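Protein chains in written order, with the numbering used here: chain V, 1 to 427; chain A, 1 to 427; chain G, 1 to 427.
Cβ coordinates follow ideal geometry from the N, Cα and C atoms, glycine included.
Since the model is a prediction, treat every value here as computed from it, not as a measurement.
Take a look at the structure set out below.
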Amino acid sequence: MAPMTTVGEQMHALVERLYPLCRSITGDGVRATLEIVGEYVPLQVHEVPTGTQVLDWTVPQEWNIRDAYIADTAGNRVVDFAASSLHVLGYSVPVAATMPLTELRGHLHTLPDHPTWVPYRTSYYTPEWGFCLAQETLDALPDGEYEVRIDSTLTDGHLTYAEHVVPGQVPDEVIVSCHVCHPSLANDNLAGIAVATFLARALAERTPWYTYRFLFAPGTIGAITWLARNAERMEQVKHGLVLACAGDPGRLTYKQSRRGDAEIDRVMRHVLLASERPHSVTEFTPYGYDERQFCSPGFDLGVGSLSRTPYAGYPEYHTSADNPDFVSPEAMADTLAVCREAFGVLDRNRRYLNLSPYGEPQLGRRGLYDSLGGRSDAKQAQLAMLWVLSLSDGEHSLLDVSERSGLPFDTVAVAAGALRGAGLIKA
Amino acid sequence: MAPMTTVGEQMHALVERLYPLCRSITGDGVRATLEIVGEYVPLQVHEVPTGTQVLDWTVPQEWNIRDAYIADTAGNRVVDFAASSLHVLGYSVPVAATMPLTELRGHLHTLPDHPTWVPYRTSYYTPEWGFCLAQETLDALPDGEYEVRIDSTLTDGHLTYAEHVVPGQVPDEVIVSCHVCHPSLANDNLAGIAVATFLARALAERTPWYTYRFLFAPGTIGAITWLARNAERMEQVKHGLVLACAGDPGRLTYKQSRRGDAEIDRVMRHVLLASERPHSVTEFTPYGYDERQFCSPGFDLGVGSLSRTPYAGYPEYHTSADNPDFVSPEAMADTLAVCREAFGVLDRNRRYLNLSPYGEPQLGRRGLYDSLGGRSDAKQAQLAMLWVLSLSDGEHSLLDVSERSGLPFDTVAVAAGALRGAGLIKA
Amino acid sequence: MAPMTTVGEQMHALVERLYPLCRSITGDGVRATLEIVGEYVPLQVHEVPTGTQVLDWTVPQEWNIRDAYIADTAGNRVVDFAASSLHVLGYSVPVAATMPLTELRGHLHTLPDHPTWVPYRTSYYTPEWGFCLAQETLDALPDGEYEVRIDSTLTDGHLTYAEHVVPGQVPDEVIVSCHVCHPSLANDNLAGIAVATFLARALAERTPWYTYRFLFAPGTIGAITWLARNAERMEQVKHGLVLACAGDPGRLTYKQSRRGDAEIDRVMRHVLLASERPHSVTEFTPYGYDERQFCSPGFDLGVGSLSRTPYAGYPEYHTSADNPDFVSPEAMADTLAVCREAFGVLDRNRRYLNLSPYGEPQLGRRGLYDSLGGRSDAKQAQLAMLWVLSLSDGEHSLLDVSERSGLPFDTVAVAAGALRGAGLIKA
């Protein structure tokens with residue numbers, strides 16, 4: 001039952017479905033989002049009550065919103081939440097008032113440099129209300145009285161996040177995390193959600209070596225909540241990747257883990273370089289997305305972050321211009337492809353021990369020349385076996401072998417398989 | 001009571017006062033020098049008797065000189081010690097004789113390439129006498145008999161050196177050393193003496209973290225004597241800087257300690273680079289000034305050396321052209337400023353431990369956003385806090401944080417102060 | 001009794017003597033080769049019986065050949081082993097048959113891209129017979145019947161290799177290895193054999209520090225046999241060098257040991273760089289010559305390989321064009337000179353301990369200034385002493401001193417000798 005559309009188109013369709021929802025760090029927008037994602041991959045949804053202590057933080061009250069607008073005296077809605085979830089300041093407290101424009105201005109957010117774009121603003125931990133609108137909309141408003149109305153609630157409730165697990169051959173885990181707290185912003189982070197979703201489906205096609213755990217959680221407080229509730233799991237988390245800004249037209253950017261030499265760092269650098277894609281690799285910084293939580297010094301996990309144009313690096317960032325037109329099927333498919341390549345390497349990147357380390361073992365006697373001799377890539381395969389034998393001292397991984405030999409990782413992994421089959425190396 | 005003159009001018013005035021004195025590795029010239037320096041900062045003067053064993057060396061006899069000249073048969077002094085202390089070979093044994101110019105020539109030192117300059121020469125450990133003069137003076141001497149007279153004494157006495165201590169908050173010490181054994185040479189090392197003197201005054205304005213110990217001692221034998229007499233102090237000496245050639249027009253040169261990765265090396269490199277001054281940083285060499293003693297392999301102290309044009313690197317080196325005109329108030333003020341910046345960094349460069357290392361602590365709740373939010377450098381300050389939190393794992397110093405983040409050291413140190421005030425990190 | 005010819009010419013004469021012999025991994029060709037080499041340096045010849053287990057391998061049957069040809073129906077030998085040992089596939093099983101050219105073609109090896117050259121081919125471990133010939137010879141053969149005859153024997157016998165030892169002052173060994181299994185190929189490896197032979201003579205001129213062991217053994221199986229029989233010696237083998245392709249017109253290439261930082265690697269890099277010869281230094285690869293056995297992970301010896309144009313890097317490789325004209329006296333003399341320089345450094349490259357490490361020792365008192373003062377290189381000699389004193393902390397070798405100071409190794413070694421003579425350092 002082959003799909004009629006490409007995987008890129010399927011991811012873009014998911015972005016378009018999710019786009020109108022008003023997500024925040026809590027509330028029904030997140031739940032609706034997870035319900036849609038759950039149609040693609042089964043999710044375990046967690047609800048964590050308001051007031052729960054999570055590391056240094058406390059789960060806040062749940063925010064929900066039904067309607068919000070600014071109306072002129074004639075009753076015309078000049079700014080309307082129904083048109084875009086960006087129009088209301090995230091976590092706005094309720095308001096119902098009439099006030100002159102001069103007073104209202106203190107609650108309005110615009111982007112003077114981009115007069116047709118609506119900014120995205122929030123005030124999670126300071127009680128506040130406000131509207132976001134285009135500068136040109138504001139400029140067109142005549143002085144006078146306006147009715148402002150935000151029909152929101154801030155009540156004890158829950159923080160919602162979800163997990164999806166692709167079981168592997170070993171309990172050691174790779175976590176893939178994407179934030180689900182932003183309202184109508186396509187690249188940040190519906191594209192990341194879509195890539196994570198389809199990556200999970202791809203990994204499940206064949207039982208991977210590692211167990212892959214996908215996290216769909218609000219930024220910062222969501223990651224902190226997950227970390228707080230999974231302290232006992234940390235030993236098992238061997239690698240991880242945060243997906244964000246996964247669909248814009250920019251080239252791929254891999255941001256290294258705090259450690260800088262974690263295996264995921266080496267794998268991502270290798271795959272990006274070997275693929276000959278234009279790309280950037282950047283040092284860790286303690287800001288950006290949830291890598292800042294996973295890489296906080298107490299955890300210091302081997303978690304990097306893959307984006308196209310990185311965090312806050314494009315003019316459309318946190319504006320209404322980050323809409324589904326800003327992300328493309330091709331870009332998301334490219335991000336997905338790199339993730340699959342990288343996890344393909346990570347999953348096979350083991351250290352072997354040469355069981356015949358004194359001199360070269362006689363490969364011919366074991367049919368390891370014959371079995372390859374007739375193929376056009378025979379010479380590479382044979383060199384790969386010599387390299388694996390030479391470096392299988394328990395210290396070098398297959399990725400080390402690939403990089404020192406200049407041979408493709410796949411060639412090296414196949415050679416290791418042949419040598420293991422002949423009993424010449426063991427994991 | 002603000003001084004009417006700049007600090008550079010004050011240092012230059014000190015150079016001019018010290019210039020005429022006939023210093024050597026022992027004797028009254030050193031004592032007179034220390035007496036003048038003692039007018040600026042209180043000195044503890046040490047007198048070490050001739051014959052004292054100091055490491056592999058022995059304190060030599062004390063040399064003093066009252067008069068020296070070459071006179072023609074008419075009694076005219078054609079070379080006169082009274083005109084410049086450079087005219088007599090340092091440590092000359094006494095002589096009173098009449099001899100033809102042909103015989104005298106074997107005792108005369110000139111600089112044929114710089115016919116108007118008088119060279120500086122010594123013979124500390126081989127008994128010898130001699131005169132230094134301009135080549136053009138020598139060329140003008142008619143053949144004939146000359147009276148030569150050196151009224152010097154070499155007798156059991158003392159080697160003299162001095163210390164000045166700026167007490168700090170901890171007993172760990174930083175030593176600042178300058179040689180005081182050269183006669184009328186301005187850059188080598190009256191400028192170094194002047195910078196050290198005014199640096200000591202500046203450090204005392206506010207109790208520093210470290211205890212700063214200033215050494216005013218003759219080169220080689222003086223440093224060796226101090227090391228021999230302070231063996232028990234070595235544990236406390238954490239950092240050090242040798243000041244020499246501190247006033248010439250060249251750009252600053254920092255010569256690293258033998259270790260190359262001592263904290264003083266990192267601090268000096270950082271400050272010179274961050275200040276955007278033209279400068280050089282050079283590897284350690286086992287010749288130059290007293291860093292060669294402090295960095296000998298048995299001690300291997302973290303002691304670097306700051307000069308402008310380095311040791312022997314300028315034509316005026318060890319000649320009468322190294323006079324007070326060769327050093328400028330501006331150059332000495334610049335050297336002083338870099339020392340103050342460097343010790344400002346060194347003094348605050350501590351390793352902290354993040355007390356809330358699991359995930360990011362909630363800064364907003366502690367007012368660490370509010371307190372900074374209104375300032376124009378708010379974003380940098382906030383980034384600096386995130387960087388300090390991220391790297392405060394007991395391994396990284398604030399200088400590491402500054403270099404990894406690209407943020408100015410001051411910004412990082414202020415952020416660390418705020419976090420420490422909030423109880424989020426500890427030293 | 002000075003030789004009338006240069007050492008390069010003597011080496012070339014040896015190459016020409018050895019060239020006609022039909023060597024293989026076993027057999028009388030190897031024995032004849034060792035007999036000739038034994039005229040230059042005494043050899044201990046080892047004979048290891050067929051069937052002996054050596055590491056993962058088994059010593060094969062011994063191959064000998066008396067005659068081989070392809071003759072046309074008129075009895076004319078169109079391909080004749082007597083003309084060149086390359087004409088027969090190495091280890092060919094015996095054959096005596098008449099067959100049409102169409103059938104014979106399956107046993108013929110040519111080089112279509114070099115129609116006048118005869119290739120070199122072997123089939124050591126798969127029973128096979130064949131002839132190697134020029135493509136133009138093949139092209140000229142009319143269709144029809146041909147008599148093929150290979151008068152060879154494959155019987156239980158021995159594998160033959162030889163050792164020559166230059167005794168040193170210590171039992172620690174340097175091994176110099178060259179393969180002796182190739183038939184009429186001059187650069188690969190008669191030039192290596194010649195350089196090794198004359199290197200052994202040169203080293204014996206003066207008792208070296210290390211004991212130098214020269215191995216003349218067939219490639220792969222010979223090195224493996226030696227390793228298998230010398231397991232107890234491995235502790236003593238401190239350094240080694242494989243010599244191959246030592247006479248072609250290309251520039252020198254040093255291939256590093258698997259470790260990459262073995263002392264032989266540092267010495268060879270230093271000598272090649274300091275000599276200002278054009279040269280290459282390459283990383284270890286697990287193919288090439290017998291370094292692959294010495295550097296297999298179980299042994300991991302500090303053994304590098306010196307060639308001119310490296311393994312398989314020239315068109316004449318493994319063809320009749322690799323004849324005595326392809327190697328020159330000058331190239332072999334140059335390779336020999338670099339070996340002598342390198343072993344000259346290796347032999348003196350020790351770590352010393354400064355016995356007067358606190359401050360500088362007073363060199364003048366010990367006559368270490370006087371003794372050098374009058375020479376034009378006095379300043380360098382004095383700097384070298386200061387450098388040796390500074391770095392003689394048990395961690396730095398004289399090569400480290402040379403590289404950090406920028407002073408020639410010889411200057412440093414002479415300075416170390418003077419300091420040792422004065423009791424200031426010890427090994």
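Under 6 Å Cβ to Cβ from residue i, same chain only, skipping five residues before and after it: list those, please.
{"i": "His279 of chain G", "result": "Arg251, Leu252 and Leu272"}
{"i": "Asn354 of chain A", "result": "Leu389, Ser392 and Ile425"}
{"i": "Asn323 of chain A", "result": "Ala186"}
{"i": "Val242 of chain G", "result": "Ser177, Tyr289, Asp290, Glu291 and Ser305"}
Measure the alpha-carbon distance for residue i versus residue j and round it to whole angstroms.
{"i": "Thr52 of chain G", "j": "Glu103 of chain G", "result": "37 Å"}
{"i": "Tyr37 of chain A", "j": "Thr197 of chain A", "result": "Strictly speaking, residue 37 of chain A in this sequence is Val, with Tyr absent from that position. Val37 of chain A and Thr197 of chain A: Cα-Cα distance of roughly 7 Å."}
{"i": "Gly247 of chain A", "j": "Asp56 of chain A", "result": "33 Å"}
{"i": "Val7 of chain V", "j": "Thr335 of chain V", "result": "12 Å"}
{"i": "Tyr352 of chain V", "j": "Ala217 of chain G", "result": "31 Å"}
{"i": "Pro171 of chain V", "j": "Pro115 of chain V", "result": "52 Å"}
{"i": "Ala194 of chain G", "j": "Met11 of chain G", "result": "5 Å"}
{"i": "Tyr69 of chain A", "j": "Ser296 of chain A", "result": "40 Å"}
{"i": "Asp300 of chain V", "j": "Val41 of chain V", "result": "29 Å"}
{"i": "Gly90 of chain V", "j": "Leu346 of chain V", "result": "39 Å"}
{"i": "Pro208 of chain G", "j": "Asn349 of chain G", "result": "12 Å"}
{"i": "Phe81 of chain G", "j": "Ser320 of chain G", "result": "13 Å"}
{"i": "Asp113 of chain G", "j": "Pro119 of chain G", "result": "11 Å"}
{"i": "Ser152 of chain A", "j": "Gly168 of chain A", "result": "43 Å"}
{"i": "Tyr358 of chain V", "j": "Trp226 of chain G", "result": "12 Å"}
Closer than 7 Å by C-beta to residue i: which residues in its own chain qualify, once you throw out the five before and the five after it? Chain order, please.
{"i": "Pro286 of chain A", "result": "Arg292"}
{"i": "Ala202 of chain A", "result": "Arg340"}
{"i": "Ile326 of chain V", "result": "It should be pointed out that residue 326 of chain V corresponds to Phe in this sequence rather than to Ile. Contacts found: Ala186, Asn187, Asp248 and Glu316."}
{"i": "Ala416 of chain A", "result": "Tyr352, Val388, Leu398 and Ile425"}
{"i": "Ile224 of chain A", "result": "Val54, Leu55, Trp57 and Gln293"}
{"i": "Ala342 of chain A", "result": "Val267, Met268 and Val271"}
{"i": "Gln135 of chain G", "result": "Thr110, Leu111, Pro112 and Pro115"}
Could you pull out every residue in the same chain whose Cβ sits closer than 8 Å to the Cβ of residue i, ignoring the five residues on either side in sequence?
{"i": "Arg266 of chain A", "result": "Leu399"}
{"i": "Ala333 of chain V", "result": "Thr6, Val7, Gly8 and Met11"}
{"i": "Leu386 of chain A", "result": "Glu360"}
{"i": "Pro100 of chain V", "result": "Asp143, Gly144, Glu145 and Tyr146"}
{"i": "Arg77 of chain A", "result": "Tyr69, Ile70 and Ala71"}
Mind checking residue i: buried by the 16 CB within 10 Å criterion, or exposed?
{"i": "Asp156 of chain A", "result": "exposed"}
{"i": "Asn455 of chain A", "result": "Residue 455 of chain A falls outside the range modelled here, since chain A spans only 1 to 427, and no answer is possible."}
{"i": "Tyr212 of chain V", "result": "buried"}
{"i": "Gly421 of chain V", "result": "exposed"}
Inset, instruction - Let me know the alpha helix (DSSP H) ranges lying completely inside the region 341–423 of chain V, each 4 residues or longer, listed in chain order. - result: Counting whole runs of 4 or more residues, the region 341–423 of chain V contains the alpha helix (DSSP H) stretches 370–373, 378–391, 398–405 and 409–421.
Legend entry - the region 53–68 of chain A: positions lying closer than 9 Å to chain G by Cβ: Result list: Val54, Leu55, Asp56, Trp57 and Thr58.
Legend entry - Within the region 249–331 of chain V, ranges of the alpha helix (DSSP H) (whole runs, at least 4 residues): Whole alpha helix (DSSP H) segments, 4+ residues: 263–274 and 291–294.
Inset, instruction - Give, in chain order, every unbroken run of the beta strand (DSSP E) that is at least 3 residues long and sits entirely within the region 133–207 of chain G. - result: The qualifying runs are 145–155, 158–166 and 173–179.
Inset, instruction - Name, going along the chain, the residues of the region 206–240 of chain V whose beta-carbon falls closer than 8 Å to a beta-carbon of chain A. - result: Contacts with chain A (Cβ-Cβ distance below 8 Å) from the region 206–240 of chain V involve Thr220, Ala223, Ile224, Leu227 and Ala228, listed in chain order.
Legend entry - Within the region 27–96 of chain A, ranges of the alpha helix (DSSP H) (whole runs, at least 4 residues): DSSP runs (the alpha helix (DSSP H)) wholly in the region 27–96 of chain A: 28–37.
Legend entry - Proximal residues, the region 387–415 of chain V versus chain G, C-beta separation under 8 Å: For the region 387–415 of chain V, the residues whose beta carbon sits under 8 Å from a beta carbon of chain G are, in order, Trp387, Leu389, Ser390, Leu391, Ser392, Asp393, Arg404 and Ser405.
Legend entry - chain G contacts from the region 294–314 of chain A (Cβ-Cβ distance under 7 Å): Among the residues of the region 294–314 of chain A, those with a Cβ less than 7 Å away from any Cβ of chain G are Ser296, Pro297, Gly298 and Phe299, in the order of the chain.
Inset, instruction - Pull out every residue of the region 331–361 of chain A whose Cβ sits closer than 8 Å to any Cβ of chain V, in chain order. - result: The region 331–361 of chain A vs chain V, Cβ under 8 Å: Asn354, Ser356, Pro357, Tyr358, Gly359, Glu360 and Pro361.
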